[in-house]
Amino acid sequence: MGEVYLPILVLGILGLAFGLFAVFAPVVIGPRRYNRAKLDSYECGIDPTPQPIGGGRFPIRYYLTAMLFIVFDIEIVFLYPFAVAFDQLALFGLIEMGLFIITVLVVYGYVWRRGGLEWD
Amino acid sequence: MTFNWLLVLFLAPLVGAAVVMLLPRSNPTLAKQVGIGFSLLTFLITIAAALKFDASMAADFQLGFSYSWIPSFGVNFAMGLDGIALVLVALSTCLVPVVLLAGWDDADGARGSVKGYVALILVLEAAMIGVFAATDVFLFYVFFEAMLVPVYFLIGRYGGPRRNYAAVKFLLYSLFGGLLMLASLIGLYVVSAEQLGTGTFDFTALAGLTIDPDTQKWLFVGFFIAFAIKAPLVPFHTWLPDAAAESTPGTAVLLVGVLDKVGTFGMLRYCLELFPEASTWATPLVIALAVIGIIYGALLAIGQQDIKRLIAYTSVSHFGFIALGIFVMTSRGQSGSALYMVNHGFSTAALFLIGGFLISRRGSRLIDDFGGVQKVAPVLAGTFLVAGLSSLALPGLSSFVSEFLVLQGTFERYPWIGVVATLGIVLAALYILLMYQRTMTGEPPEIVKERVGDLRGREVVAIAPLLVVIVALGFYPKPVLDVINPAVDRVMIAVDATDPAPLVAPVAEGAQP
Amino acid sequence: MSAILAATGSFEVPTIEYAALAPILMVLGGAVVSVLLEAFLPQRLRRPVQLTLTFATLVAAFVFVVLARGTRAIVAEGSVAVDGPTLFMQGSILVLAFIAALVMAERQVDPAGDAFAPRASALPGSEEEQEFTRLGWFQTEVWPLFLFSVGGMLLFPASTDLLTMFVALEVLSLPLYVLAGLARRRRLLSQEASLKYFVLGAFSSAFFLYGTALLYGFAGTVELRGIANALTASAGQSGLVIAGTALLMVGLLFKIGAAPFHQWTPDVYQGSPTSITGFMAACTKVAAFGALLRVMYVALGGIRWDWRPVMYVIAALTMIVGTIFALTQTDIKRMLAYSSVAQAGFMLVGVLATSAAGLAGTMVYLLAYGVATVGAFAIITLVRDATGEATHLSSWAGLGKKSPLVASAFALFLLAFAGIPLTSGFTGKFAVFTAGIAGGATPVVIVGVVASAVAAFFYIRVIVLMFFNEPPADGGASVVIPSSFTTFAITITVAITLVIGVLPQIVLQLVDQAGVFVR
Amino acid sequence: MNPSNYLYLSAILFSIGALGVLVRRNAIVVFMCVELMLNASNLAFVSFARVHGNLDGQVIAFFVMVVAAAEVVIGLAIIMTIFRTRRSASVDEANLLKY
Amino acid sequence: MNALAAAAGDLSIFGQDPFWLTLIKCLVVFLALILLTLFTTWFERKVVARMQQRSGPNRWGPFGLLTPIYDGIKLALKEGITPANSDKLVYLIAPAISAISAFLVFAVIPVGPVVSIFGVETPLQLTDFPVSVLYVLAIASIGIYGIVLAGWSSGSTYSLLGGLRSSAQMISYEIAMGLSFVAVFLYSSSASTSQIVAKQAETFSLGGLELNSWFALLLPVSFVIYLIAMVGETNRAPFDLPEAEGELVAGYFTEYSGLRWASFYLAEYINMINVSAVATTLFLGGWAMPAPISTIWPGANEGWWPVLWFVLKIYAMLFVFVWLRGTLPRLRYDQFMKFGWRVLIPVSIVWILLVASVRALTNQSDFELRPFLLWGGLILAVVAVFAFVLDVRGGSKTDDDAEPEPFDPFAGGHPVPPLPGQELIVTRRAKATVTTAVTARDSTSQADAGTEGEESAHE
């Protein structure tokens with residue numbers, strides 16, 4: 001049973017090995033020439049105001065996207081089993097899922113109307 | 001359906017209260033007139049009911065009815081009168097018109113409206129009838145608690161300067177007791193449910209239960225504390241002086257004269273009959289409390305400066321006698337107690353009312369502010385003296401008979417207690433006579449001369465019936481005792497107590513000394 | 001998931017008894033429609049349409065509940081029970097929600113509009129907000145939220161498996177978290193209440209869930225009767241059962257606000273918009289007790305000897321804590337919050353009776369308490385001073401003289417809370433305590449009686465304050481004349497409180513007919 | 001593999017989450033801890049589903065995910081609102097409601 | 001053909017390989033991915049160059065084929081800078097996460113039929129299970145962590161914003177992508193890649209022509225949506241906003257250099273290959289050669305040949321990527337998000353409802369609805385594109401006409417200077433000193449509002 005997942009593990013280990021190699025190889029084979037300016041954050045012109053480390057925050061706006069994502073992602077999670085079992089569920093499945101999708105659509109319409117789908 | 005006297009009796013004051021509330025606010029006199037009208041009507045109905053009452057069957061509940069109220073809890077709206085209940089109902093309905101008449105002006109200028117005052121008193125009357133007449137323990141409890149509401153407002157809205165304190169103290173004491181009783185009530189219900197299959201609150205059914213003595217003790221305690229608070233037994237008495245002193249004289253009369261009787265009535269009817277073994281078990285303690293109450297109340301009364309508080313403390317002392325009579329478990333003592341309830345009601349009523357007249361004239365409750373009243377107001381002083389003498393149980397006046405019976409009953413079983421209790425009589429003479437001497441005799445100060453006038457017509461009309469009853473019962477208590485005794489015998493059977501071998505005389509003769 | 005997708009074998013197509021679920025579906029459907037209306041109606045039309053929809057939905061759902069009386073069935077593939085207790089609780093919830101909605105619809109008492117922030121996302125006191133206020137904007141989003149919450153409440157006591165119960169729990173809670181934060185005035189307080197409610201609520205539902213997981217691990221099913229069967233079948237008690245039961249109870253006890261899981265109650269009650277507090281206090285309690293009763297009676301009835309001692313302690317503790325803390329409160333909403341804790345303790349006595357009488361008693365108590373609570377909070381919305389609702393007790397002094405009717409109604413509710421005879425509270429307490437003693441919980445009942453006696457003190461203190469104290473120097477609060485919405489709400493709560501007090505047989509018969517849980 | 005190991009893991013995760021809720025002060029962290037608790041439950045459900053050989057546990061995990069998502073949305077909305085008004089996500093600073 | 005479908009449709013053949021074979025297959029996949037990446041970079045440069053009338057890389061090796069190798073060596077010899085501001089640990093982990101997740105997706109992609117390797121019968125697919133498409137989505141989501149963490153841990157504004165934009169974009173398009181799969185599952189009744197491929201081997205006739213039931217034909221709308229989402233998901237032009245040089249330098253990997261940067265780069269290209277492979281598998285019949293040819297030449301779907309078809313199909317898709325990059329200008333962020341949320345998602349949902357209804361109807365009766373569906377779908381697709389154009393244009397129009405809105409520099413959670421056309425909100429304190437008349441009115445309205453929040457609101 002578990003053997004099905006074995007290739008994933010092996011491939012994952014290979015990927016990890018590659019990742020670690022890519023991350024740590026420069027320490028070994030790359031040159032190292034100290035220069036303070038090099039260690040600064042990339043800037044051009046003005047001082048970048050927010051400092052992500054220590055006090056900086058993700059702009060709230062992105063949380064909205066995150067929330068919307070979660071809602072729809074969950075919808076998808078429910079749609080998949082329904083879709084796979086659709087032929088067996090027959091009309092019942094269609095009705096129930098139709099109700100489900102319509103409910104989500106209602107919410108979607110609400111979000112749209114309330115300006116949840118505006119970006120700038 | 002036959003004409004149901006008891007139900008009508010109960011409903012009459014309620015209807016009266018409703019009618020009074022519907023009267024215009026602008027015409028307080030009309031409210032008082034209507035109120036007195038209804039209270040008199042109630043009294044007349046009482047008399048009619050009493051005439052229909054079969055004295056030979058006074059141990060049974062008569063004139064009764066029972067309507068299903070909350071079948072799920074086994075609660076019925078059931079009423080019926082036995083001898084004791086009858087006399088107490090009669091006491092209540094008799095006192096209400098007197099109080100209304102005597103307290104004609106009491107509510108004027110108070111925070112509440114006059115019609116509210118009248119209506120509250122009528123509601124209280126209905127509740128008092130209910131509490132004495134209920135044959136369903138739950139119904140009894142409901143009225144027991146329901147009485148608090150009108151009294152609370154009567155004190156809190158129409159009382160003296162410290163009315164809030166007094167009203168709240170009264171309410172909290174009573175509620176506390178009530179809640180304890182509620183607990184026992186539920187316990188009783190559960191016991192009945194265990195024994196009978198379905199729970200019931202019917203008094204007769206409950207009295208027929210055989211309850212395990214340990215359970216009995218617990219249930220008894222709940223009931224007893226509630227009653228001990230109501231009939232202020234030392235050490236639960238502290239609310240009474242406050243409440244009585246701060247309320248109007250009329251309220252005080254109903255409070256001390258009738259309401260507190262519910263406590264002693266409850267001990268006699270409910271504690272003894274429902275929990276006979278527990279009552280016997282508690283007897284020493286109760287007797288001790290009663291005797292302490294007799295002496296302690298009397299001593300405090302002697303020390304009082306305030307007339308109303310003094311009267312209140314005398315009542316504490318008297319309630320000691322009543323409780324003593326009940327718990328000595330002799331038929332003489334219990335008859336005496338039952339009778340004492342009635343007598344005390346009348347004599348205290350007279351004391352409070354006349355004291356109230358005095359106080360309202362002078363504008364002070366302090367004894368020291370008076371003196372020589374009998375010179376300026378002889379009728380007032382005279383009636384006061386009669387009432388006071390009744391209170392100290394002068395032979396020939398009503399209280400004497402009952403106090404004598406109580407003491408006799410006590411001597412039969414506990415001679416030494418009797419001796420101590422007798423001391424209470426001596427002290428009673430002291431506080432009554434001292435008060436009389438200090439207020440009525442001597443040379444009246446200027447202010448008394450100026451303000452204190454004699455009784456007016458209305459006041460005389462109000463007081464007269466009380467004095468008549470006091471004197472009448474003093475000489476001829478038989479009709480009352482006749483209806484009381486069978487009921488007392490029922491109680492005696494219930495507690496399985498027999499009178500000790502007679503020392504002096506048989507009961508029947510003891511009733512007519 | 002993988003197994004589902006792999007199961008290419010034959011599926012049993014489930015059957016859903018739509019008729020039996022009609023009340024729940026009705027309310028939830030109404031909520032969905034309400035969302036649509038909210039999105040697409042012009043601002044001007046929203047309020048009247050939303051109100052009509054809300055009330056129509058509640059009434060229609062109630063009609064369906066009444067029509068379904070006498071039903072005893074487990075529907076929707078064993079996840080929802082339609083039986084007497086369910087219908088009684090659903091009916092109660094709908095009635096209470098209807099009254100609460102009346103209070104929420106009130107717009108006349110606050111000069112700025114209704115009790116809710118015109119836009120929750122706007123900063124309090126910001127230009128934007130002032131603009132909304134000036135334009136007379138109002139919040140109609142409360143209605144869909146409200147309906148969703150009611151829908152969850154209808155499902156909660158009806159669910160016969162722990163999963164449905166969990167979903168219902170969340171459906172009822174999530175909108176409440178939001179509603180709690182929508183107060184127009186004292187916004188920071190309100191938001192804080194919302195946050196606290198949310199964090200602790202989510203925390204407790206996680207406990208509920210983990211308990212469910214453990215019970216599932218024990219029984220292999222989350223259906224209540226399945227768990228009961230597994231308990232009967234197993235000889236010894238597995239650690240899973242004990243731990244699962246304990247965790248499950250934590251979740252449920254949190255919702256009903258029992259000590260020691262009551263800490264959210266005062267904060268949330270105080271901070272939320274008052275009309276929401278009333279709704280939340282009354283309806284949540286009904287729903288949560290319904291669920292608790294069902295779990296305890298149906299699933300865990302077999303191990304009642306294990307959980308009863310714990311419940312004894314919790315019930316007693318709840319009563320004591322609620323009572324003692326209520327004594328010291330100076331804010332009327334906080335006081336009622338602690339009192340609700342104490343009341344939860346009294347109701348728990350009915351739960352641990354584990355008998356039909358206990359069930360019936362608890363249901364009566366719930367209805368009685370709910371009605372009085374909605375009424376009491378409705379009155380609190382009316383008592384105001386210059387800054388809004390005057391919730392500090394001191395400003396209530398002398399209210400009895402200024403507005404005797406309102407003060408009397410409030411006094412009635414307080415007496416009902418105190419359990420004074422001839423009010424609904426007495427009927428409830430009596431029923432519960434009787435059942436408690438019959439069920440052998442005498443010590444708890446004694447604690448309960450003592451607690452009631454002590455509790456009576458602080459209720460009566462408020463009455464005394466209203467009727468016998470002089471108003472404070474600054475004039476104190478006064479009663480604002482509400483529109484017919486609140487007037488009707490208060491009138492009807494007073495009426496029900498009195499009817500249940502004086503003629504309880506009507507309700508008692510109803511709960512007796514409701515019978516016991518279908519298994 | 002022995003399913004009880006998964007159960008131990010889930011119990012540990014649940015405890016960590018519970019502890020985090022009680023100890024941490026940042027609303028978002030608290031919130032993440034709650035999610036951790038929910039997911040610990042999911043793990044338990046799925047493991048038990050394996051133990052019992054039925055699908056209920058897996059289906060339940062689904063529902064729990066939905067609920068967790070809904071909770072996330074509501075929670076983030078509340079925290080965002082508070083943050084906008086106070087510019088802080090610390091639970092400690094929400095201290096107007098004191099006993 | 002049907003026998004083949006049946007053989008491939010049985011999931012029990014997976015997980016049977018001996019360990020050495022698993023190891024070999026994994027290694028081959030791993031190396032193939034790296035090599036394909038190298039080749040793809042060359043391919044891209046070359047194709048774009050041709051489109052732009054240039055010749056592209058041509059120095060190293062034939063046709064410049066060795067250029068990527070030299071690039072790699074150059075990168076490996078560069079210094080790995082760790083910025084002082086960064087969160088060191090996360091900074092180092094992030095590229096590894098990206099790389100791992102990129103590799104992992106390929107584990108469930110079927111590359112060919114069952115073949116014999118050293119005497120062992122084995123499918124040309126690492127593994128498969130009933131939810132492998134879900135697995136693909138899950139791993140893709142993990143990849144987003146790499147990007148967010150890289151953006152956050154770099155300690156630079158550009159990185160942060162780039163990372164956020166990127167993740168916002170990816171999750172937005174992941175929904176559209178996920179929804180586009182639903183219709184596929186409806187028809188395949190399975191979420192296993194090999195079974196989906198097998199399902200597409202079935203044939204149907206359209207206008208007398210026997211065609212394989214490729215889902216790209218049956219579900220054109222889903223396919224179009226997937227194609228768009230695929231491009232959005234991989235941050236490729238015209239959706240390469242996170243790397244919009246003019247705005248964000250290099251987006252989330254601004255602060256990375258050397259091999260660390262290379263691993264992000266590699267991940268991006270592997271992801272392109274992955275999504276192309278998924279498109280091939282789900283919509284283009286997988287490794288199978290389509291019907292007219294396969295009927296003529298049955299051997300085309302046996303042995304090692306299908307691997308070639310598969311690679312060709314992937315490169316067809318990759319060509320689309322390059323083609324788009326060479327043709328289209330970059331979208332604005334808001335247009336892009338709007339397109340994802342307002343067009344793709346609703347169209348997907350409506351499409352799913354439509355497909356499900358039709359499917360239910362055909363299951364009930366024997367009514368053949370496929371042609372109807374095909375053409376209906378095409379119309380819907382046209383409408384979708386039209387809606388997109390309208391939306392983008394309409395959006396820009398309103399933007400131009402809009403009043404300059406008051407600008408709250410704190411709205412996003414941190415202060416930013418106003419852009420031209422935006423007006424700073426005047427704080428109350430400042431306003432009070434300016435206009436007394438306004439203040440008077442304000443203060444009354446404040447008193448009305450009466451919230452405690454006022455104080456803190458503008459501190």
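Protein chains in written order, with full-length UniProt numbering: chain C, 1 to 120; chain X, 1 to 513; chain Z, 1 to 519; chain E, 1 to 99; chain D, 1 to 459. Cβ atoms here follow ideal geometry from the backbone N, Cα and C, with glycine treated the same way. Everything numeric in this text was worked out from a predicted model, so none of it was measured.
Judged by their CB atoms, C:Ile29 and D:Leu92 are not nearer to each other than the 8 Å cut-off. X:Ile211 has a beta carbon lying at 8 Å or more from every beta carbon in chain Z. The DSSP-derived three-state label of X:Tyr476 is coil. With respect to the C-alpha of X:Leu124, the residue from X:Leu434, X:Arg362, X:Ala290 and X:Asp260 having the closest C-alpha is X:Asp260. The shortest CA-to-CA distance from Z:Val518 to any of Z:Glu12, Z:Ala73, Z:Gln43 and Z:Phe254 is the one to Z:Ala73. At a cut-off of 8 Å between C-beta atoms, C:Gly109 counts as an interface residue with respect to chain Z. Counting only Cβ-Cβ distances below 8 Å, C:Tyr63 has contacts in chain E at Leu76 and Met80, in chain order. The beta carbon of C:Val106 sits no closer than 8 Å to any beta carbon of chain D.
Collapsing the DSSP output to three states places X:Gly442 in coil. Z:Val49 does not reach chain C, its nearest Cβ partner there being about 15 Å away, counting only Cβ pairs nearer than 9 Å. In the DSSP assignment, the residues bridged to X:Met79 are X:Phe65 and X:Ala134.
Taking the CA atoms as reference points, X:Pro415 sits about 58 Å from Z:Leu367.
Contacts with chain E (Cβ-Cβ distance below 7 Å) from the stretch 67 to 83 of chain C involve Met67, Ile70, Val71, Ile74 and Val77, listed in chain order. Contact with chain C is found for D:Ile345, since one of that chain's Cβ atoms lies less than 8 Å from the residue's Cβ.
Among the CB atoms of chain E, none fall inside 8 Å of the CB of Z:Gln43. Around the beta-carbon of D:Trp214, 16 or more other beta-carbon atoms lie within 10 Å, marking it buried. Residue burial annotation: X:Leu219 is buried, with at least 16 other C-beta atoms found within 10 angstroms of its C-beta. Each of X:Leu22, X:Thr93 and X:Pro232 was checked against the Cα of X:Leu44, and the nearest Cα belongs to X:Thr93.
In the structure shown, the three-state DSSP call for D:Ser190 is coil. The C-beta separation of D:Ala176 from D:Ala229 comes to about 4 Å, placing the pair in contact by the 8 Å criterion. In the structure shown, D:Glu233 falls within a helical segment according to DSSP collapsed to helix, strand and coil. When X:Ala377, X:Val149 and X:Phe265 are compared, the shortest CA-CA separation from Z:Leu422 is found for X:Val149. Along the stretch 426 to 445 of chain Z, the positions whose C-beta sits under 9 Å from a C-beta of chain X are Phe426, Thr427, Lys429, Phe430, Ala431, Phe433, Thr434, Gly436, Ile437, Ala438, Thr442 and Val445, read in chain order. When secondary structure is reduced to three states using DSSP, D:Ile228 falls in the helix class. At least 8 Å separates the CB of C:Tyr34 from every CB of chain D. Below 8 Å, enough C-beta pairs join the stretch 160 to 167 of chain Z and the stretch 215 to 222 of chain Z to call them touching: three or more.
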